[in-house]
Structures are given as C-alpha cells and as structure tokens.
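Below is one structure, written out as structure tokens; comments come after it.
Residue numbers (full-length UniProt numbering): 1 to 609.
Rendered as structure tokens:
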C-alpha cells in the first residue's frame, strides 16, 4: 500500500505522457505472447493438480503469473544500479508499471463482471477512490497554507493522510479487490508542489525502502517450501512454467523493441527486467478465490515457487547486465549534439535564497516550449560547520521535525528556498526536483560533479561569487564560491554556466510576464560558445523572449566568410549577426554550426517593395 502510493507520488507524469505509446508497446509485447501460450499450459495444470472448482479464477491467476511484471522489484533494482535517470531505466520502470497496472485492471474488471455483487463493490471502490483523491488535494492545500513558516508539515497531518489511505486499502481488500491500483492512483493524483508532498516523500522513501520492502519479501521467502521442489513432477512443471514465462516475455519484448528500433543491448536488458515477478502475482496467490475456498496447498506452493525462483534466477543476470551497461554507456551531455526537442536536464546550484529567483527565471526561459521538455534539478549547497550541534533524542524533537543530521543545516534558508520553489512550481507547472548537499567547501565540488553524473544532466548552472547591491555595484559574496566554481569548471562531466544575477534590473521570469525580454548571445567561436548557442536554442523557443546572436569574426576572415551572411540578414530586414571567429578547422566548425542555427531558427521574410 505505502510503496504503491510512493510510486504514484514519484511518477514522472510528463515523461509518461510523452512516451506512453513506446512504454505500452514494450509492456504489452511480452504479455500478449505470454497469454497466448498460457492457454495450453493452463489446461495442463488443471489436469495435474485436479482443479475442479473456480477454474476461471485459476485461469486469471495462471495468466497473471505468466504475464505480470513486478514494478516494485524493477524500480528498486533500477534505483540501486543508479539507472533511474537513464532513458533505459525509466523505460523499464514505466513499462513494468504499465504492465502491472494493466494486469490489475483486467483481473479486477473480469471479477467485477462475474457477479452483480462484485460489480457493485467495484463501483463503490471507484467512488471512494475518487473521493479520497479530492479530499487529499484539499488537505494538501490546507496543510501547505497552515505550515507556511515550517519546513515540513506535522506528524499529525501526515497521519490524517495515511489514515485515509489505509481506510481505502482496507475497504478494497474487504470488498474482494486489491488496493494496488487505488493506492497508486491516489499517489499519482496527489499535488506535487508544497510541503505536504515533500514531507510525504521524505518520510516514506526511507521507511519503505529500508524496512517495509525487505520485511515483505523476507516474509515471501519464508512462505516458500523448498521440499516440494524435489518432487520430479513438480520440478518438471516448475522448470516448464519458468521457461514459458521467461521465454514468452523475452521474445515478445525483443519483438516490440525491434519494432520501435531500440538498440539490441537495451532490448535484452528490458526483456530481462520485465521478467521479474513478486508483487501482484503474490497477492493473487495468497488470496482466496472465494470466501469459502482456499487454494490447495500443493498448488499454492507450486505457484509461489515459480514466482520466487523466477526472480532469483533472472534478477542477478539483469543486475550484471545493468552494471555492465552503466560502465560502458555514453550519455549525451553535450548540448551541441543534443536534439533541441529532446529532454533537457539541468542542475542549478544555490547557496542562499537570493540565488533562487535568478535560477528559476532561467529555468522558466529554458522550459517555455511545450514540445521541448525540461527536467530541472536544484541543489542547495550548505557548508558543513566544523563544530556540530548537540544531538537531540527523538522524543525531544518538535512536532514535524525530522530526525536527520542533515536537516539541521541550512537554517531558515531552506524554508525560503522551498517557498520560492513552491510558488514557481504552482505558477509554471514546471516540477523542480530538490536536493541538498552538506559538505565542506573544500570538497563540495566533488559532490556537485558526482551528482551531475548520476543525474545525467547536460549543463550545471553555478551562481557568480559576486552579487549586485542596491546602488548597482558588485559586491563579493563569498570568496569560497569562486574557488568552488573554478573546481567544478575543471572537473564537471558536462557543460557549466556561471550565472550572474543582476536582480530586478536583470533577466526576469518570462512565465506570466506581459512584456517581451531581449537576450543577446555573444559568439566569438570555439566549443564553449557553441555550447552557449546550443543552450540558447531552448530560450528562443519561449514566446516572451527575443534572442539576438552577435557573432565576432577575425578581421582576416570577415571579408571571406561573413559578408554574404550579413548581407542576407540585412536584406531580409532581420537582425544583423556579426562575428569574429577562430581560424582553421575550428572556424569551419563554427561556420557550419552557426549556419545551421541560422537556417533553422531565423525566419525567412520576403523583402518589401
């Protein structure tokens, strides 16, 4: 219940909406093939185990064991191998999620239409789920407003939300349905902005991943009776069912990936990950087909053995391939070669609340085009003091406080940064993923670079070490910031931008603004300037931004390489783009890049008579 709610809360809805077709094809490829081969295998199991009652329920159970993918296991494996930010990892996560939710929906629908009583129960569960979703939205807004001066909402308020979720799950189980889909849907529809969602993620992530899931799967292993495997007939059926399940899943997924033109190595990993089982199928195995009947012990142990052995065999193989793929994979962290319409990942670093306004304005400008998705991360860099505060016992904490050493650092800056981001997310609907790094300023650059590598971002934005005063003069904020910026520039795995914020006299957030802002790009040539020009592609897509590119050319090459371009621009009544560039091969690369940029983004206008 809690894990499915947290999965729904962490679901990347924009990514799922953009890739629903690809994810559905990958998820359905192996499932459809498993259902086709599940029919003959179902009749074989009926004869062997002498199933005479509730054959329809047994048929659904058999098909679910063959076709289902356990999204919790896939998600944890992807997260442990740090593949959750890669395209392959996200495709595996949402393919397994779509597969499992489809199995839950199909089985629940067939159960609902099997009798009038169950159909009425399904209608009531749907109505109760919708009611809980709306109540949670209201409670989230109310708790956010009530705790404006606090970092998190209180434990009592979190208890109210958890109580509603528990009541929904218990009611669904009492009626005869699983609560997987209901809890996932409640988490999926929960408001992402504000302190309530932040507190829920903070509390659930650690407890679920560290305590609840290990206990659940440990209990599943405890139920397994290995002595039944040594029976020759049972062993043969177990091997046969595992082969059918794994074989149909791999072949079907590979066929779907071939249709989608996914690389072969990624297709193999996807097919193995989708073979993992151990969530909804275990629930069906341990659920009685009707109140007056339970599955036979030998049949229950057989199906449980198939599910557990299937995961124990396929899991290590998939983990090895994931680790090998991680060590050899190359990710597009260069903006110059990145497709302008593909997802842009940026990492914005802030030290104090003053830095937030400029960075969110930049994020707003980069995310202005609906067809060009953006995934921004913002990390709060906090210096680790030499002397720590005395620790408090858990019962000494104030209501709503978190028992974490890291939460002690940052002071009121954390509250101001959270409030600024919440207001930005609420206004623009651009979800900014927050995190915090607490480390010594001597080594914090390593954490920034490692975080950028794990998140697979394309560019890091660092604040300038000076800020503008009210009188317009620049004042040095912290000399340590300058040293950190220099270290990150030398060791970053991607492009780095130093953001100089001029405050109210500088660039403002385009979203919600009625005036158009003018931005100029100074292009001198070289790989750094090409990266800046590539980044400006996202900015010029915003409807409230006018972009001017000024190119500087060396005097000896200006007459040869730029006259025709400048003349064309002036004849078309467009802005003149001047330039001075490097000599030789670098100059040719610059010319080709600028020419491509000009042909694609500068609109052609016929000269007026």
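Even for Gly, the Cβ is constructed at its ideal location relative to N, Cα and C. In this text, all values refer to a predicted model and were calculated from it rather than measured experimentally.
Whether residue i touches residue j by CB criterion (9 Å)
i	j	result
residue 78	residue 273	yes
residue 314	residue 276	yes
residue 64	residue 103	yes
residue 317	residue 421	no
residue 193	residue 6	no
residue 376	residue 416	no
residue 57	residue 100	no
residue 161	residue 200	yes
residue 338	residue 348	no
residue 42	residue 296	no
residue 163	residue 358	no
residue 538	residue 374	yes
residue 344	residue 85	no
residue 492	residue 534	no
residue 61	residue 248	no
residue 33	residue 208	no
residue 220	residue 309	no
residue 342	residue 424	no
residue 108	residue 184	no
residue 215	residue 346	no
residue 586	residue 526	yes
residue 152	residue 198	yes
Closest by C-alpha distance to residue i, when choosing among the options
i	options	result
residue 279	523, 11, 95, 73	73
residue 154	140, 239, 36	140
residue 226	526, 300, 465, 13	300
residue 541	481, 340, 309	340
residue 3	129, 76, 109	76
residue 245	418, 515, 35	35
residue 202	598, 423, 66, 434	434
residue 68	31, 240, 87	31
residue 478	463, 601, 45, 124	463
residue 281	255, 178, 87	178
residue 19	138, 9, 91	91
residue 305	8, 598, 184, 224	224
residue 481	502, 444, 457	444
residue 485	319, 350, 198	350
residue 165	146, 215, 137, 150	137
residue 321	267, 288, 286	267
residue 333	218, 470, 531	531
residue 88	135, 257, 117	257
residue 14	599, 475, 432, 494	432
residue 502	312, 191, 469, 515	469
residue 190	602, 12, 122	12
residue 135	602, 385, 121, 168	168
residue 588	554, 602, 601, 600	554
residue 286	323, 173, 240	173
Cross-strand partners of residue i (DSSP beta bridge)
i	result
residue 120	The partner list for residue 120 (beta bridge, DSSP) is empty, contrary to what the question assumes.
residue 345	375
residue 474	468
residue 521	549
residue 435	379
residue 204	DSSP lists no partner for residue 204.
residue 495	459
residue 350	380
Cβ separation of residue i and residue j, assumed to be a contact under 8 Å, to the nearest whole Å
i	j	result
residue 144	residue 196	6 Å
residue 496	residue 459	7 Å
residue 269	residue 325	6 Å
residue 186	residue 133	6 Å
residue 175	residue 213	Rounded, the Cβ-Cβ distance is 26 Å, inconsistent with contact.
residue 524	residue 552	5 Å
residue 128	residue 171	6 Å
residue 22	residue 260	6 Å
residue 81	residue 319	7 Å
Is there contact here, the region 372-387 with the region 435-451, by at least three beta-carbon pairs under 8 Å? yes
Three or more C-beta pairs below 8 Å linking the region 434-441 and the region 358-374: no
Kindly confirm or deny that the region 518-528 and the region 539-547 touch, where touching means at least three C-beta pairs closer than 8 Å. yes
Does the pairing of the region 88-97 with the region 24-38 give three or more beta-carbon distances under 8 Å? yes
Given 8 Å, three or more beta-carbon pairs between the region 231-246 and the region 300-312: Contact holds: three or more Cβ-Cβ distances are below 8 Å.
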